[in-house]
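Undergrad: Per mature numbering (1 follows the signal peptide of the UniProt record, and there is no 0): the sequence shown = residues -19 to -1, 1 to 470. Virtual Cβ for every residue (Gly too), placed ideally from N, Cα, C. Predicted, not measured: the structure shown is a model, and the values here were computed from it. Encoded as structure tokens, here's the structure I'll be asking about.
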Amino acid sequence: MPSPTRLLALAALIVSATAIVPPGHQGLPNQPVDDVPAPKPDNDLIAQTAGQVDQKAAPPVDAPPNADVPPTGVTAVDGTIANATIAEASAARRRDVGRFGKRLSRFEKVFDGKPAGQHDASIEGTAYLTYTVVPNSTYNVQACLDWAATIDGCVFVNLYYEFNNELLDHVFSEKSNLKCAAYGDLHKASEKTNFGGQASYSQVGNETVPLTYITQSSGWGLDDLVVPDTPDGYELVFGPTGGANNAPGYMGFAFLDRYDVDACAALCNGRGVDPNGGGCAYFNIWRAVVNGVPTTYTCSMYYLVADESTAVNYGQGDLVVTLSRGYRRKDLLTDGGFEGYTACDDFCFTASYANWIGTSPAGGDLDASIFFFHNYAHTGHGSGLLGAAFGDDNKAGTLAPAHALQTDSGVSYVVQAFVSSAFSGASLEAGAKVEILWNGQSVATKTGFTGGYVFVEASVVAAGNDKLSFAGGAAPAWTFIDDVHVYKA
Ligand SMILES: *[C@@H]1O[C@H](CO)[C@@H](O)[C@H](O)[C@H]1NC(C)=O
Ligand SMILES: *[C@@H]1O[C@H](CO)[C@@H](O)[C@H](O)[C@H]1NC(C)=O
Ligand SMILES: *[C@@H]1O[C@H](CO)[C@@H](O)[C@H](O)[C@H]1NC(C)=O
């Protein structure tokens, strides 16, 4: 005969088990779903950080010509000044970026240099790329512009003579002091702030070392920045406009050293996860112009997709927002949030609807279903359920999108979702299990009580027309699923 304590424990278990009203009977979760507000950008922090970065550069006096254009760099991350590559600034390593759009116009003169005999200054500006020297028998504008056309992302050149540079005069093979500097942004005569004044020749005896100086510094540019190609795995939502997004679901920002949508996309892909919102789904790139001068290039990341209606931050103080564009990450699922199930306006559920199919094993009853009920959803009102809706069997069901995914064979994707095995409380959910299946193969598993919705993720390589599904649940160890996304990695 069982001891009295064991009897008591058994009785308590039966009471707690019978107290659970199954989801099919609109039972309320033991663990209510948190409604965490979605954060918006910290525009003060962005403006303050823009005041701290110095991205202005000119060809260094001692650098040889024709250096490769370095990859786009990151100069700040979430308000902290940085000097990092895109890969270093991402949670995950990313492939190289650096495709630029097509030039639609021709280089035209932006400003003249001073007359030959007078000292002048070269540009110190953002998005410096590299420089060359062109033959200096004449003031060779055409050679400079021809070269500029071969430099990816170059929209502006600064052409000038640099005197008293020993390397140009005697060391570098080109034997020319006519420098042609390429930039990825347009600059104005007001940015001619580099007057030289550096000692390039070495000291000989007690002779005065001649200092570098600059003459005839002219600027040539396109009429605007190039229209960028849309990054792989993304689509343009709006832009260019003069408004940055002030939208919910903000994850943070980085400053780039040039206007590079591919670099911003790579940062979004590698951003990591917001515990309440999930992965990066959208980015907003814009140029900060301070006192009329390009200063930095902001890449703001969001877990919620925004659009032009919230692109209403036009700047503050001396900072003006320009060239703002929004891009959303292409999601291979059109209804990963189960929001397309709208058979009621309060509480209802179904085994299947147009976008998702729930399947029960033989003898099972509604072991996979879709609910319309705000209290079960991670966001909105729709969610998927694994485990018998009425709790009348303990079999595992399968939820799958109604259609195979339009994937590209051989390409890496990431499957993201929120799952909650919390409905029945810690002890009854202890054995909960949900698997993400890719073409029937398990690619991720989450087991046990989750205490609420938690983020799960799986990396996969597509074969083309791939089939995604979620399997699990064994009532009363139910598992809810919501906000499923499939993105290019
Ligand atoms: C940034 O890092 C690179 C490579 O580590 C270095 O060469 C460069 O001088 C650094 N720039 C600044 C401004 O610190
Ligand atoms: C051309 O550049 C070379 C190397 O700096 C210099 O020695 C020479 O005087 C320059 N010629 C003219 C016409 O400026
Ligand atoms: C330094 O300069 C003085 C006068 O300008 C000259 O007489 C002297 O010879 C110089 N010394 C050397 C080491 O060149």
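Which partner residues does residue 466 have in the DSSP bridge list?
TA: As a first step, residue 466 must be located in the sequence shown, where it is residue number 485. DSSP, once it has assigned bridges, lists 397 as partnering residue 466.
Undergrad: Give a yes or no on contact between the stretch 296 to 308 and the stretch 45 to 65, applying the rule of three or more CB pairs nearer than 8 Å.
TA: Result no; under three Cβ-Cβ pairs closer than 8 Å.
Undergrad: Keeping to the same chain, check which residues put their C-beta closer than 6 Å to that of residue 5; ignore five residues upstream and five downstream.
TA: Against the sequence shown, residue 5 aligns to sequence position 24. Taken in chain order, the residues that qualify are 370 and 371.
Undergrad: Can you grab the Cα-Cα spacing for the pair residue 141 / residue 308, in whole Å?
TA: Translated into positions along the sequence shown, residue 141 becomes position 160. Translated into positions along the sequence shown, residue 308 becomes position 327. Looking at the two C-alpha atoms, the distance is approximately 38 Å.
Undergrad: Is residue 206 close to ligand 2? I mean its beta-carbon at under 7 Å from any heavy atom of the ligand.
TA: Within the sequence shown, the letter at position 225 stands for residue 206. It does not: the Cβ of residue 206 is nowhere closer than 7 Å to a heavy atom of ligand 2.
Undergrad: Extract the residue ranges of the beta strand (DSSP E) inside the stretch 283 to 352, only unbroken runs of 3 or more that lie entirely within it.
TA: DSSP runs (the beta strand (DSSP E)) wholly in the stretch 283 to 352: 300 to 310, 329 to 331 and 337 to 340.
Undergrad: Under a CB-based cut-off of 8 Å, is residue 206 close to chain D?
TA: Among the chains in the structure shown there is no chain D, since it carries only a single protein chain.
Undergrad: Using a Cβ-Cβ cutoff of less than 6 Å, which residues in the same chain neighbour residue 3 once the five nearest sequence positions on both sides are dropped?
TA: Position 22 of the sequence shown, counted from the start, is the residue given in the question as residue 3. 371 and 372.
Undergrad: Put residue 387 into one of helix, strand or coil per three-state DSSP.
TA: Along the sequence shown, one-based indexing puts residue 387 at 406. Of the three classes helix, strand and coil, the one that applies to residue 387 here is coil, per DSSP.
Undergrad: Would residue 440 pass as a contact of residue 251 if the rule is Cβ separation under 8 Å?
TA: Position 459 of the sequence shown holds residue 440. Position 270 of the sequence shown holds residue 251. No, the Cβ-Cβ distance between residue 440 and residue 251 is not below 8 Å.
Undergrad: Alpha carbon to alpha carbon, how far is residue 310 from residue 461? Give it in angstroms, no decimals.
TA: Taking the first residue of the sequence shown as 1, we reach residue 461 at position 480. Taking the first residue of the sequence shown as 1, we reach residue 310 at position 329. Approximately 25 Å, taken between the alpha carbons.
Undergrad: Any chance the CB of residue 121 is under 7 Å from a heavy atom of ligand 2?
TA: The residue given as residue 121 occupies position 140 in the sequence shown. Because no heavy atom of ligand 2 lies under 7 Å away, the Cβ of residue 121 does not count as near it: no.
Undergrad: Going by CA-CA distance only, name the one from 165, 444 and 465 that's closest to residue 52.
TA: Here residue 52 corresponds to residue number 71 of the sequence shown, with the count starting at 1. Per the Cα distances, 165.
Undergrad: What does the Cβ neighbour count give for residue 348, buried or exposed, with the cut at 16 atoms within 10 Å?
TA: Within the sequence shown, the letter at position 367 stands for residue 348. Under this definition residue 348 is a buried residue.
Undergrad: Note down, in chain order, each residue of its chain lying with its Cβ closer than 8 Å to the Cβ of residue 390, except the 5 sequence neighbours on either side.
TA: To locate residue 390, count along the sequence shown from 1; it is residue 409. Excluding residues within five positions, the ones whose Cβ falls inside 8 Å are 443, 444 and 445.
Undergrad: Would residue 321 and residue 334 be called neighbours here (beta carbons separated by less than 8 Å)?
TA: Translated into positions along the sequence shown, residue 321 becomes position 340. Translated into positions along the sequence shown, residue 334 becomes position 353. Yes, these two residues count as a Cβ contact at 8 Å.
Undergrad: Using the Cα positions of residue 48 and residue 163, report the straight-line distance between them to the nearest angstrom.
TA: Here residue 48 corresponds to residue number 67 of the sequence shown, with the count starting at 1. Here residue 163 corresponds to residue number 182 of the sequence shown, with the count starting at 1. If you take the alpha carbons of residue 48 and residue 163, they lie about 11 Å apart.
Undergrad: With distance defined between alpha-carbon atoms, name the residue in 425, 452 and 271 nearest to residue 29.
TA: Stepping through the sequence shown from its first residue, residue 29 is reached at position 48. Nearest option by C-alpha distance: 271.
Undergrad: Put residue 4 into one of helix, strand or coil per three-state DSSP.
TA: Taking the first residue of the sequence shown as 1, we reach residue 4 at position 23. Note: residue 4 maps to helix in three-state DSSP.
Undergrad: What are the residues that DSSP puts in a beta bridge with residue 231?
TA: Walking along the sequence shown from the start, residue 231 turns up at place 250. For residue 231, which the question treats as bridged, DSSP gives the partners 283.
Undergrad: In angstroms, rounded to a whole number, what distance separates the CA positions of residue 411 and residue 208?
TA: Here residue 411 refers to the residue found at position 430 when the sequence shown is read from its first residue. Here residue 208 refers to the residue found at position 227 when the sequence shown is read from its first residue. Their backbone Cα atoms lie some 54 Å apart in a straight line.
Undergrad: Do residue 396 and residue 467 have their CB atoms nearer than 8 Å?
TA: The residue given as residue 396 occupies position 415 in the sequence shown. The residue given as residue 467 occupies position 486 in the sequence shown. It is a contact, given that the beta carbons lie within the stated cut-off.
Undergrad: What does a CB cutoff of less than 7 Å around residue 288 pick up in its chain, not counting 5 residues either side in sequence?
TA: Sequence index remark: in the sequence shown, residue 288 carries index 307 (1-based). Excluding sequence neighbours, residue 288 sits near 218, 219 and 307.
Undergrad: What number of angstroms, rounded off, separates the C-alpha of residue 451 from the C-alpha of residue 240?
TA: Counting from one through the sequence shown, the residue named residue 451 turns up at place 470. Counting from one through the sequence shown, the residue named residue 240 turns up at place 259. So the alpha carbons of these two residues sit roughly 40 Å apart.
Undergrad: Just the C-alpha distance for residue -8 and residue 418, rounded to the nearest angstrom, thanks.
TA: Locating residue -8 in the sequence shown gives position 12, counting from the first residue. Locating residue 418 in the sequence shown gives position 437, counting from the first residue. At residue -8, the pLDDT of 41 sits below 50, so the modelled position is not reliable and the matter cannot be decided from this model.
Undergrad: Sort 364, 458, 356 and 227 by Cα distance to residue 23 and report the nearest one.
TA: Along the sequence shown, read from residue 1 onward, the residue named residue 23 stands at position 42. Of the candidates 364, 458, 356 and 227, the one whose C-alpha sits nearest the C-alpha of residue 23 is 227.
Undergrad: Drop a sphere of 10 angstroms on the beta-carbon of residue 456, count the other beta-carbons inside from all chains shown, and report buried for 16 or more, exposed for fewer.
TA: By 1-based counting over the sequence shown, the position of residue 456 is 475. Residue 456 comes out buried.
Undergrad: Pull up the DSSP beta-bridge partners for residue 266, would you.
TA: The residue given as residue 266 occupies position 285 in the sequence shown. In the DSSP output, where bridge partners are listed per residue, residue 266 has 280 and 306.
Undergrad: In three-state DSSP terms, what is residue 161?
TA: Translated into positions along the sequence shown, residue 161 becomes position 180. DSSP places residue 161 in strand when its eight states are reduced to three.
Undergrad: In this structure, does DSSP put residue 170 in helix, strand or coil?
TA: Counted from its first residue, the sequence shown places residue 170 at position 189. Correct three-state label for residue 170: helix.
Undergrad: Could you tell me which residues DSSP puts in a beta bridge with residue 195?
TA: As a working note, residue 195 is residue 214 in the sequence shown. Note: residue 195 sits in a beta bridge opposite 101 and 143.
Undergrad: Taking 8 Å as the threshold, find out whether the stretch 29 to 44 comes into contact with the stretch 248 to 267 through three or more Cβ pairs.
TA: Touching, no.
Undergrad: Tell me whether residue 145 counts as near ligand 2, meaning its Cβ is closer than 7 Å to at least one heavy atom of that ligand.
TA: Here residue 145 refers to the residue found at position 164 of the sequence shown. Because no heavy atom of ligand 2 lies under 7 Å away, the Cβ of residue 145 does not count as near it: no.
Undergrad: Suppose you measure from the CA of residue 74 to the CA of residue 67; what does that come to, to the nearest Å?
TA: Mapped onto the sequence shown, residue 74 falls at position 93. Mapped onto the sequence shown, residue 67 falls at position 86. Any answer about residue 74 is weak, because its pLDDT of 49 lies below 50 and its placement is not dependable; what the coordinates show is given next. When rounded, the distance between both Cα atoms is 8 Å.
Undergrad: Could you give the DSSP three-state label for residue 380: helix, strand or coil?
TA: Taking the sequence shown and counting its residues from 1, one reaches residue 380 at position 399. Strand, per DSSP.
Undergrad: Report the three-state DSSP secondary structure of residue 459 (helix, strand or coil).
TA: What you label residue 459 is simply residue 478 of the sequence shown in a count that begins at 1. DSSP places residue 459 in coil when its eight states are reduced to three.
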